[in-house]
Amino acid sequence: MAGGGPGLNRSGGCLCGAVRLDAVLGSAEAGVCHCSMCRKWSGGVFMTVECDSVAFADEASLGIYRSSDYGERLFCRVCGSSLVWRMQDGSAHALALQALDDQSGIALTSEIFIDEKPSFYAFANETRKMTGAEFIAAVTGEGA
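All residue numbers for the sequence shown refer to our numbering, where the first residue is 1 and numbers rise by one.
Following this line, the structure appears as C-alpha cells:
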C-alpha cells in the first residue's frame, strides 16, 4: 500500500475493547487538530496519524457521525472513544493516536486549524501549521 512500510502496521481499539482495528499508517508523523469540533469530540486536542487503510474487526459497536459536508467521525457506541476522522468519500483517514496499542516511533509534526487554537496551551515541537481554511482547501480541492 502507498506509504505503508515495515513497522507501520498497527493495531488498536477503544477504551472498552468493543471496537478493535488494524491500520496501515501512511507515515510515522502525527498531527494535531485544534478545530472546535475536534476539541469537543475528543475532550482536548485531537491527535492523529494518517492511515493508508483501517479495518475494523467487528463494526457492530462502531458509530458514525457526519460532522460536516465532507467529514465524518467514527467512535465506539459503547464507551464513546473517539477513533477515526475520515472524508465521507473514504479518500482520507485520520486515526486517533491514542487508539493505537503501540505509539512508538511516531513524532508530532503538524497542527491544523491553528487559527482556532485556544491561547492557554502550546506544543514544544516545531510543527508545520495550517489554518482551517488552508486545511479545508487541501482536503476538498476548493480554493482557500
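For each residue, glycine too, the CB sits at the ideal point set by N, CA and C.
Rounded to a whole number of angstroms, what is the C-alpha to C-alpha distance between Gly13 and Ser27?
19 Å
Just grab the DSSP bridge partners of Ala35 for me.
The amino acid at residue 35 is misidentified as Ala; the sequence shows Cys. Note: Cys35 sits in no beta bridge, so no partner.
Is it buried or exposed for Gly44, if we count other Cβ within 10 angstroms and need 16 for buried?
When all chains shown are included, Gly44 counts as exposed.
Just to check my reading of the structure: Gly63 and Leu74 have Cβ atoms closer than 8 Å, yes? What is that Cβ distance to the nearest angstrom?
Indeed they touch by this definition, with Cβ atoms about 7 Å apart.
Cβ pair Glu134, His34 closer than 9 Å:
no
Report the start-end ranges of each alpha helix (DSSP H) in the region 79-103 that is 4 residues or longer and not cut off at the edges.
none
Per-residue burial, Cys38 [other beta carbons within 10 Å of its own, 16 or more giving buried]
buried
In chain order, what residues of the same chain have a beta carbon less than 8 Å from the beta carbon of Ser68, not counting five sequence neighbours either side?
Around Ser68, the same chain offers Met37 as residues with beta carbons nearer than 8 Å, after the five sequence neighbours per side are excluded.
Would Trp85 and Thr140 qualify as a contact pair, given that the criterion is a beta-carbon distance under 9 Å?
no
Exposed unless 16 or more other CB atoms sit within 10 angstroms - verdict on Glu142
exposed
On the DSSP letters alone, give me the boundaries of the beta strand (DSSP E) that Phe56 sits inside.
Secondary structure note for Phe56: its beta strand (DSSP E) is the uninterrupted segment Phe46 to Phe56.
Output needed for Cys16: all residues of its chain with C-beta closer than 8 Å, excluding positions within five of it in sequence on either side, in chain order.
Cys76, Val78, Cys79 and Ser81
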